[in-house]
Every structure is written in C-alpha cells, then in structure tokens.
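Q: Take the sequence shown: its position 398, counting from 1, is numbered 389 in our numbering, and each next residue is one higher.
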Amino acid sequence: MASLTGGSYPPTLDNPLELERLVQTVKDWTISNGLAVRPSPASADSDEEGMLATSAPVTLFPSPFPKSCFEEAKAVQTKYSDLYARISRDEEFLEDLVQQVAGGDDFIDNLWKVHLRVKEEGYVQNFTLGLFRSDYMVHQDGDKLQIKQVEFNTIASSFGGLSSRTSLLHKHLAKTEYAFLSNPIPSSSLNLPENRSTEGLAAGLAAAFYAYGKSGFGHPTCVLFLVQDGERNVFDQRHLEYAVQQAGGDEPIPVFRLPFSQILAHTQLAPSSQRRELLYHPPHNPALTFEVAVAYLRAGYGPGDYPTSTAWDARYQLERSNAITCPSVLTQLAGMKKVQQVLATAPEGGDVPPALRRFLPDPSDAATVTAIHRTFTNIYPLDTSPAGLTARTIATDPSQCLRYVMKPQREGGGNNVYKSAIPQRLSTIPEEHWGSYILMELITPPPATNTILRGNGQVEQGGVICELGVYGTCLWDRETGEVVHNEESGYLLRTKGDQSEEGGVAAGYGCMDSVRLV
Ligand code: ADP
Ligand code: MG
-8 MASLTGGSYP PTLDNPLELE RLVQTVKDWT ISNGLAVRPS PASADSDEEG MLATSAPVTL
52 FPSPFPKSCF EEAKAVQTKY SDLYARISRD EEFLEDLVQQ VAGGDDFIDN LWKVHLRVKE
112 EGYVQNFTLG LFRSDYMVHQ DGDKLQIKQV EFNTIASSFG GLSSRTSLLH KHLAKTEYAF
172 LSNPIPSSSL NLPENRSTEG LAAGLAAAFY AYGKSGFGHP TCVLFLVQDG ERNVFDQRHL
232 EYAVQQAGGD EPIPVFRLPF SQILAHTQLA PSSQRRELLY HPPHNPALTF EVAVAYLRAG
292 YGPGDYPTST AWDARYQLER SNAITCPSVL TQLAGMKKVQ QVLATAPEGG DVPPALRRFL
352 PDPSDAATVT AIHRTFTNIY PLDTSPAGLT ARTIATDPSQ CLRYVMKPQR EGGGNNVYKS
412 AIPQRLSTIP EEHWGSYILM ELITPPPATN TILRGNGQVE QGGVICELGV YGTCLWDRET
472 GEVVHNEESG YLLRTKGDQS EEGGVAAGYG CMDSVRLV
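#1: Hey, would you say the C-beta of R394 is under 7 angstroms away from at least one heavy atom of the ligand ADP?
#2: Any contact between the stretch 93 to 109 and the stretch 302 to 322? By contact I mean 3 or more CB pairs, one from each, below 8 angstroms.
#3: Can you tell me which of the three DSSP states G463 falls into?
#4: Contact check, Y75 vs A325 under 8 angstroms by CB: the rounded distance?
#5: For P7, tell me which candidate among Q452, T471 and R469 has the shortest Cα-Cα distance.
#6: Tell me the rounded alpha-carbon separation between A382 and Y371.
#7: As an exercise, report each continuous beta strand (DSSP E) stretch of at least 3 residues that is fully enclosed by the stretch 197 to 258, in chain order.
#8: What whole-angstrom Cβ distance do R485 and G463 have, given they're in contact under 8 angstroms?
#9: Does the distance from the CB of A199 to the CB of L120 come in under 8 angstroms?
#10: Can you tell which of K70, L122, Y395 and P2 has the C-alpha that lies nearest to the C-alpha of L231?
#11: My assumption, with CB atoms under 8 angstroms, is that V521 sits in contact with R266. Please give the rounded CB distance.
#12: Considering only residues of the stretch 336 to 361, which uninterrupted beta strand (DSSP E) runs meet the minimum length of 3 residues and lie entirely inside it, listed in chain order?
#13: With C-beta atoms as the reference, is A238 less than 8 angstroms away from A193?
#14: For Y287, does the count of other Cβ atoms within 10 angstroms reach 16, so buried, or fall short, so exposed?
#15: With 16 as the cutoff for other CB atoms within 10 Å, does K329 come out buried or exposed?
#16: Listed in chain order, which residues are found with a beta carbon closer than 7 angstroms to a heavy atom of the ligand MG?
#17: Is DSSP giving M(-8) helix, strand or coil here?
#18: Below 8 angstroms on the Cβ atoms is my contact criterion, and I expect V28 with N224 to pass it. Report the Cβ-Cβ distance as a whole number of Å.
#19: In the stretch 34 to 65, which residue ranges form an unbroken alpha helix (DSSP H) of at least 4 residues, counting only runs that do not cross its ends?
#20: Out of L373, Y409, L380 and G404, point me to the one whose CA is closest to S390's CA.
#21: Can you grab the Cα-Cα spacing for the pair M(-8) / G133, in whole Å?
#22: Could you check what DSSP says for D296 in three-state terms: helix, strand or coil?
#23: Could you tell me the alpha carbon to alpha carbon distance between P243 and Y233, rounded to whole angstroms?
#24: Does at least one heavy atom of the ligand ADP sit under 7 angstroms from the Cβ of N224?
#25: If you run the structure through DSSP and keep just helix, strand and coil, what is L260?
#26: Checking the sheet assignment: what are the DSSP bridge partners for Q452?
#27: Take A498 and list the residues in its own chain whose beta-carbon comes closer than 6 angstroms to its own, dropping the five residues that flank it on each side.
#28: Specify the secondary structure class of L279 as computed by DSSP and reduced to three states.
#29: Ends of the alpha helix (DSSP H) at T322?
#30: So, is M42 buried or exposed, given that buried needs 16 or more other C-beta atoms within 10 angstroms?
#31: Does the beta-carbon of T368, which I'm using as the reference point, lie nearer than 7 angstroms to any heavy atom of the ligand ADP?
#32: Helix, strand or coil for S505? Go by DSSP, reduced to three states.
#33: Taking Cβ positions, are I138 and C213 nearer each other than 8 angstroms?
#34: Would you mind stating whether V461 and E479 have Cβ atoms separated by less than 8 angstroms?
#35: Excluding sequence positions up to five away, which residues of its chain have a Cβ less than 6 angstroms from the Cβ of D504?
Shown next, in the form of structure tokens:
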C-alpha cells in the first residue's frame, strides 16, 4: 500500500536530546499561545482553585495530507452547508426519519417534542445559525485517494478555537526548529496552508448577532455561549469568544458564558411580549439586562445534558424565544446519522440517492449533486427495507462485519460499535429497535506515522490516522429559505494512533494536528 509518509518525513526522533528539545518547545509554545485545556480530573485534584492549564495533545509535526483531497473538502463545504440548511427547513423529511428512529431513542423523540411544542404556538425567530463541521478521512482504493465523509456535525462543532493555533504552532516549528534537526527539514519544503477557523466561526456568530438587530426595549444585545459544567475544553471556546468580541471593532460584541444547567435561573422571556425576547441577567450583576441575539449551544447535544425535565424546559425556552439559536432543534436533528445515511443510500441499481435529489432537484444543481455524492461512502439502514436487510446480514456475520462501524443517533464520541463487536451488540438490542442504528463501511486511510505529545506528557511515535474537519458557517431564514451568510470557515486536523477506533480529542483518543499538503 502506498504510504503518504514517504521518504523521511515526518522524521522519527531517535536522538533523545532532539526529542526532548522539540517536546519542551511545544510545551512552552502551547501554553504561551493558549493551545491548552484544563487538566484531567485526576490531576485537577491538586487544583482546587481551578488555576491550572495544560497543553492540548498535539503532533510534533504537521501530518502529510493529499492536497487534492484537502482542496476538494474545502470547496464542497458551502454546498454542504446549503444542503443542511435545506434539510433543516424540510420538516416532513425530518419527521419521517425521527419516527423511524424514535422508537429506539428517547433523546431524539424528546428533541422532536420540543420542536412540536414551539411549532404549535409558532416560531417567532426566522433566522437559524449553523456552525457546521464536515468530517472526512482519506480513503485509499488501490492507487486512488479520495475524501470520504465520516459525519456532518450540526451542533457544538468544537476545536475551531484551537485548530487555527495548531496551524500556527506547526508554522512556528517549521521556521525555528525543524531546520536544525540532524535530518533537517527546510521550511521551504513544507506547504502549510493558512487556517482561520477561529475568525471564520466568529464571523458566523457576528453575522447572526447583527442580523438580529436592535432590542425593541433598548436593552444591549449579546451572544450567549451555553456550555457544559466543568468543561475542560474551555480555551477552545474562549478563543472564539474573544474573536466574537473583537469582531465588533470599536463596539465589542457582548459575549457571556452560561452553563446549560442554569438557563432557567438566569434567563427569562420578556413578560407579555408577543416576540418572546430572551432576556439575560448576568449572575454577577443581575441588575443588568441583556437581550440575547444569539444562543450558541456548546452543550445540549446528548442525553447527559438533560438529567431532568427542567433541562428540557430550558431547551424549550431557548427554542421558543426570539434569540437566533445555533442550532435550532430541527438543525440539530438534521445532524442525525440517520440523515447522513438516507442521503447516501441509493436503491439497488440506482445512481443518485433520491434524498439527495429531493434537496437538489434542479438540472442546475447537477454539479453540486456530483460534488457531494463523491464524498459519500456506503452507509446502510438497519431497518427492514431491502437495503436494511442486506445490512442486517452483514452486521450479524462475524467476518463481513469487520469492515463496518455501527452508529446510534448520538454525538460527542464513545457511542459507536466497531467491527467484531457489532453482532454481539445487536444481540442485546430488541430487533424492532435496530432501525435506530446505521451501518457504515470503514474508511481505510493510507498508512502514516507521526509523534504525538499527549496531555499527560507521554510521547508516542508510530502509525497514525488523520481526520480532517472543514468548518462552515451559515445563516438562513427558515421561512423564505434565503441564505444571508454562507462561508467555508477553516479546518481541523485530528490525529489518533492507528490502533484506536474512536477519534475524539476531548474524549482522549485523538490529538490536534495540522496539514502539510503533499
Ligand atoms: P461522533 O458523533 O461520536 O463523533 P463519528 O461518526 O464522528 O461519531 O465517529 C467517531 C469516530 O469513529 C470518528 O472520529 C472516526 O475516528 C471513527 N469513525 C467513524 N466512522 C468511521 C468510518 N466510516 N471509517 C473509519 N472510522 C470511522
Ligand atoms: Mg465525530
């Protein structure tokens, strides 16, 4: 199999002094520049005051990544964002899929109920904001390298604040360190593209903030980040907050953080107002009143954030308010893995999947359909349709299942079932609920190597797998469909050891990386 690594790049650092020097440089640069996370709970025991920060896990070298694949993924992003805006507006389409999975999935069912409640009284805010991230791996098929989508994220797409910094770290090392290794790497030999993910995501939030307009009550307006309690990835979010504030220039945009669990304690709908403005009273000074223009969810994507019915009341309060939500419930549901599967599944002998046609029906959409369709790998339902029955045969077969991953309708890592574990897991799930899972062919990237510096200071050299994410920001009108902002907004490269199946950085599997285009 052709290797992307080729030649002597990235080098294996056999000389302990060279390795130590590079590791120390990275430890210092990451803290100096906020490429950091809060310490893990184990080390946080000695940090009662919450003062400590530690380097985010990173690779010591930018990983080689095929230029054509990188450019293809970037180029298709605005098309993807537009597609997902259309899906979010197609209630009938989403309702059908929700019904297909809801029997085996309370969480999806509860989200749908929030939408139904708000729909009954009528939405007051027409704008929806999406800060999306489409994730890919490079699939090697013979000599051919193709970009294939892993998933499309419509809620809490993270790491935009740290990934632009990882690009800067590798650019810094390329200029100041790699040239002085015993196997020197001239900086001119490294094609390291710019990555403006922080500014790009902030521009999306700012676009929504300005689209909201002024408060009818004369209150100052603000952007509210809704976050998880005890978030370790707080600096990723902080970088984004600072960039949103700065996007206001001489009149900084007010940004606040509020734990998702405290929405009802510190926000209220404007009393007796038809528009249901969302008012925020900062806990440190409740005499102040802000009108929330944008409610940005970095929480609320999984059942863990909804321990009681109060949390669902909080989500309902956001959804029915006049704040522009990022995302709305329907947009969150558009990110279900079931949606991705339906977009990718063509009937036997069919060419373009009918669901893709549904959203891109015009002859003038042909190029977009082709561009998106190329990025799909095989994904099957696990229901009783003909494709679903084929998938059931594969998934319960001990040898065929080795080329697949089975996914429930969940976000945030740690939920998928891989390869040989699939038949056993299915045997524990009542057959009438199999339809709430999808079965996806594994993408097999070309072999690559790198050196990873973990958060605990451990250094790992060896085989790695890279996953590219491309950010897209999109603001649209749910009634008219008008798209008022749609930009490709930078990228994320996450790299994991090649023995690991899951890839999440926050979940502890992967690390931050950037691309060296080859
Ligand atoms: P989550 O919503 O939990 O992030 P993903 O679909 O992104 O779920 O899967 C988690 C991880 O599993 C990915 O980051 C990737 O490393 C791996 N993975 C998922 N799907 C595939 C696939 N089809 N081929 C290879 N690896 C995959
Ligand atoms: Mg993922």
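Cβ coordinates follow ideal geometry from the N, Cα and C atoms, glycine included.
A: Taking the geometry as given:
#1: Sequence index remark: in the sequence shown, residue 394 carries index 403 (1-based). Outside the cutoff, so no.
#2: yes
#3: On the sequence shown, residue 463 is found 472 positions in, with the first residue counted as 1. Strand.
#4: Position 84 of the sequence shown, counted from the start, is the residue given in the question as residue 75. Position 334 of the sequence shown, counted from the start, is the residue given in the question as residue 325. Yes, Y75 and A325 are in contact; Cβ-Cβ is about 5 angstroms, under 8 angstroms.
#5: For the purposes of this step, residue 7 is identified with residue 16 of the sequence shown, where counting begins at 1. Measuring from the Cα of P7, the nearest candidate turns out to be Q452.
#6: Indexing the sequence shown from 1 puts residue 382 at position 391. Indexing the sequence shown from 1 puts residue 371 at position 380. So the two alpha carbons sit approximately 6 angstroms from each other.
#7: 212 to 218 and 246 to 250
#8: As a first step, residue 485 is located in the sequence shown; it is residue number 494 there, counting from the start. As a first step, residue 463 is located in the sequence shown; it is residue number 472 there, counting from the start. Not quite, the Cβ-Cβ distance comes to about 17 angstroms (not below 8 angstroms), so this is no contact.
#9: Counted from its first residue, the sequence shown places residue 199 at position 208. Counted from its first residue, the sequence shown places residue 120 at position 129. Yes, the Cβ-Cβ distance between A199 and L120 is below 8 angstroms.
#10: As a working mapping, residue 231 is identified with position 240 in the sequence shown. Of the listed residues, the one whose Cα sits closest to L231 is L122.
#11: Absent from the model: residue 521. The displayed extent of the chain is -8 to 509, so no value can be given.
#12: none
#13: Taking the sequence shown and counting its residues from 1, one reaches residue 238 at position 247. Taking the sequence shown and counting its residues from 1, one reaches residue 193 at position 202. Yes.
#14: In the sequence shown, the residue the question calls residue 287 occupies position 296. Classification for Y287: buried.
#15: Translated into positions along the sequence shown, residue 329 becomes position 338. Buried, since its Cβ has 16 or more Cβ neighbours within 10 Å.
#16: D126, V141, E142, N144, G404, G494 and G495
#17: Your numbering for residue -8 matches position 1 in the sequence shown. For M(-8), the pLDDT reaches just 46, beneath the cut-off of 50, and the residue's location in the model is therefore unreliable, although a value from the coordinates is still provided. Correct three-state label for M(-8): coil.
#18: Working through the sequence shown from its first residue, we reach residue 28 at position 37. Working through the sequence shown from its first residue, we reach residue 224 at position 233. Rounded, the Cβ-Cβ distance is 6 angstroms, consistent with contact.
#19: none
#20: Position 399 of the sequence shown, counted from the start, is the residue given in the question as residue 390. Out of L373, Y409, L380 and G404, Y409 has the C-alpha closest to the C-alpha of S390.
#21: For the purposes of this step, residue -8 is taken as residue 1 along the sequence shown, with counting starting at 1. For the purposes of this step, residue 133 is taken as residue 142 along the sequence shown, with counting starting at 1. The predicted model places M(-8) with a pLDDT of 46, which falls under 50 and marks its position as unreliable; any figure quoted below should be read in that light. The alpha-carbon atoms of M(-8) and G133 are separated by roughly 8 angstroms.
#22: Position 305 of the sequence shown, counted from the start, is the residue given in the question as residue 296. The answer is helix: DSSP assigns D296 an H, G or I state.
#23: Along the sequence shown, one-based indexing puts residue 243 at 252. Along the sequence shown, one-based indexing puts residue 233 at 242. Cα to Cα, the separation comes out at about 9 angstroms.
#24: Working through the sequence shown from its first residue, we reach residue 224 at position 233. Checking the Cβ of N224 against the ligand ADP gives no.
#25: Numbered from its first residue, the sequence shown carries residue 260 at position 269. L260: strand per DSSP, three-state reduction.
#26: Working through the sequence shown from its first residue, we reach residue 452 at position 461. Partner(s): T442.
#27: If you number the sequence shown from 1, residue 498 lands on position 507. Only G404 and G405 meet the Cβ criterion.
#28: Working through the sequence shown from its first residue, we reach residue 279 at position 288. Coil.
#29: Taking the first residue of the sequence shown as position 1, residue 322 is located at position 331. Residues V320 to A325.
#30: Working through the sequence shown from its first residue, we reach residue 42 at position 51. Answer is exposed; the Cβ neighbour count stays below 16.
#31: Translated into the one-based positions of the sequence shown, residue 368 becomes position 377. True, at least one ligand heavy atom lies under 7 angstroms from that Cβ.
#32: Within the sequence shown, numbered from 1, the residue matching residue 505 stands at position 514. Looking at S505 - three-state DSSP - the assignment turns out to be coil, as it is neither helix nor strand.
#33: Within the sequence shown, residue 138 is the residue found at index 147, counting from 1. Within the sequence shown, residue 213 is the residue found at index 222, counting from 1. No, these two residues do not count as a Cβ contact at 8 angstroms.
#34: By one-based count along the sequence shown, residue 461 stands at place 470. By one-based count along the sequence shown, residue 479 stands at place 488. For V461 and E479, yes; Cβs fall inside 8 angstroms.
#35: The count along the sequence shown starts at 1 and reaches residue 504 at position 513. Taken in chain order, the residues that qualify are T50, S54, L484 and T486.
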